[in-house]
Amino acid sequence: MPLLVMKFGGTSVADLDRIANAAAKVKREVERGYDVIVIVSAMSGKTNELVGWVEGTSPLYDAREYDAVVASGENVTAGLMALRLQEMGISARSWQGWQVPINTTSAHGSARFVSIPRANIDAKFAEGFKVAVVAGFQGISVEGRITTLGRGGSDTTAVAFAAAFGAERCDIYTDVDGVYTTDPRISSKARKLDKIAFEEMLELASLGAKVLQTRSVELAMRYNVRLRVLSSFEDTDENSGTLVCGEDEIMESKVVSGVAYSRDEAKITLFTIEDRPGVAQAIFGPLSEAGVNVDMIVQNISEKDYDEAHPGAVTDMTFSCPINQVARAQKALEDAVAAGKIKYDELIIDTEVAKVSVVGIGMRSQVGVAARSFAALAAEGINIKVISTSEIKISVLIDRKYMELAVQALHDAFELEKTA
1 MPLLVMKFGG TSVADLDRIA NAAAKVKREV ERGYDVIVIV SAMSGKTNEL VGWVEGTSPL
61 YDAREYDAVV ASGENVTAGL MALRLQEMGI SARSWQGWQV PINTTSAHGS ARFVSIPRAN
121 IDAKFAEGFK VAVVAGFQGI SVEGRITTLG RGGSDTTAVA FAAAFGAERC DIYTDVDGVY
181 TTDPRISSKA RKLDKIAFEE MLELASLGAK VLQTRSVELA MRYNVRLRVL SSFEDTDENS
241 GTLVCGEDEI MESKVVSGVA YSRDEAKITL FTIEDRPGVA QAIFGPLSEA GVNVDMIVQN
301 ISEKDYDEAH PGAVTDMTFS CPINQVARAQ KALEDAVAAG KIKYDELIID TEVAKVSVVG
361 IGMRSQVGVA ARSFAALAAE GINIKVISTS EIKISVLIDR KYMELAVQAL HDAFELEKTA
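Each residue of the sequence shown is one higher than the one before, starting from 1 at the first, in UniProt numbering.
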């Protein structure tokens, strides 16, 4: 039988009524002739509650016990979903991660997949079962301990099962009806996309779009798993939602497919550092070890202590990172100074910035995208602090107060409300 993977997020299974609604969608696919693997998240708010219980019990908790507690939310949903399907006359069975088994690394709280053997679930399908309801977000380590994959891990679980079982498609049911050209809450002109390429979706996800977890898109692109994003709360058919697929399935792309943003950014500048081989490693090595996620980086000739006889003697270094990692970054840099690895005259931290990005595979074959972007921002009086580019992306760091205006200006500049 053809196989389909369906994933339901926390809002889609928030209570018994919503679980029943999701089960009805599963039943419809069974009636169309599919065997179905359903991946479920914990009921909305449950994971936060479980995390709170752990932290309230043991602030310096054992990560192995944290995983054992936090993974239980998905187990409850899986059992309830299987029961609801049985009440509808569908032969279904729930599966926890260790029962599949979903083999992962031992990095508790951020485990990664090692393998998903098919034998146990295939055996149940062979017996006549039509649906396997699998608890997302979790697995089992080589030591036999429950592991979790990090927030958003159920998306990744769904894609991993689709790859392991050769599914026809992986449908991600959520509280939005697809992927939009930008956040509809910011631009009323935002348009739902019928299709988007893996690379574009990966960039949008990593740049702030919340529709899909970044790791899930990476995995889908690696194994060419066709993803469909669609709403749990609307009647859907085979043409609903947004299909995330290979570039070869998209006949003709607009130059820019979407505008993403991240408001929780910070800009850190080190003034007057020594310009020598190895200085970048001396700065970013300690930041990496401290777990700071550095993004945009700019190095330039320092305005301070400029020596005409030795113009390359000193430089300034600017980079961005998530705002919640600023304290960690500052300490790592101060420790590097104390250890004699680097020295600088001044450290300036700006926590009032945001990142806005335009993304599109059409950039590969079109010129003038950067000029058009910068002209749109200039027309609104928005100053650019840092610029970063890739083959299909242009990102700028700007004052946070102009973020929504920048998103709207760029969306209008590339006429993303139009289909062609």
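Positions of the beta carbon are idealized from the N, C-alpha and C atoms, including for glycine.
Runs of the alpha helix (DSSP H) spanning 4 or more residues and lying entirely within the stretch 203-240 occur at 214-223, in chain order.
Taking the Cα positions, Y344 is about 5 angstroms away from I273. For K27, the CB contacts under 6 angstroms within the same chain, skipping 5 residues up- and downstream, are M88 and I90 in chain order.
Beta bridge pairing from DSSP links M6 with V38 and D171. By the criterion of at least three beta-carbon pairs nearer than 8 angstroms, the stretch 171-179 is not in contact with the stretch 334-351.
Under the DSSP assignment, Y66 falls in the alpha helix (DSSP H) whose first and last residues are A63 to V70. The alpha-carbon of V369 is positioned some 18 angstroms away from that of K385. Between V353 and A282 the beta-carbon gap is near 25 angstroms, outside 8 angstroms, which marks them as no contact.
According to the DSSP assignment, P322 belongs to the beta strand (DSSP E) that extends over V314 to P322.
The three-state secondary structure of V294, taken from DSSP, is coil.
In this structure, T214 lies away from R228, with their beta-carbon atoms at least 8 angstroms apart. The residue from D171, V51 and G246 with its alpha-carbon nearest to that of S240 is D171.
By the neighbour-count definition (other C-beta atoms within 10 Å, threshold 16), Y66 is a buried residue. Looking at the backbone, the Cα of G136 and that of V279 are separated by about 43 angstroms. Its chain contains A280, T315, D316, M317 and T318 as the residues whose beta carbon lies nearer than 8 angstroms to that of Q299, once the 5 sequence neighbours on both sides are disregarded; these appear in chain order. From the listed residues E29, M1, L333 and M43, the smallest Cα separation to R18 is found for M43. Between A220 and V134, the C-beta spacing is not below 8 angstroms. In this structure the stretch 105-114 touches the stretch 140-157; the number of beta carbon pairs closer than 8 angstroms is three or more.
The DSSP-derived three-state label of A327 is helix. In the structure shown, R84 adopts helical secondary structure according to DSSP, grouped into three states. Within the model, the alpha-carbon separation for A190 versus L207 is close to 17 angstroms. Take the alpha-carbon of H411 and the one of D62: they are about 46 angstroms apart. A78 sits close to V40, with the two beta carbons spaced by under 8 angstroms.
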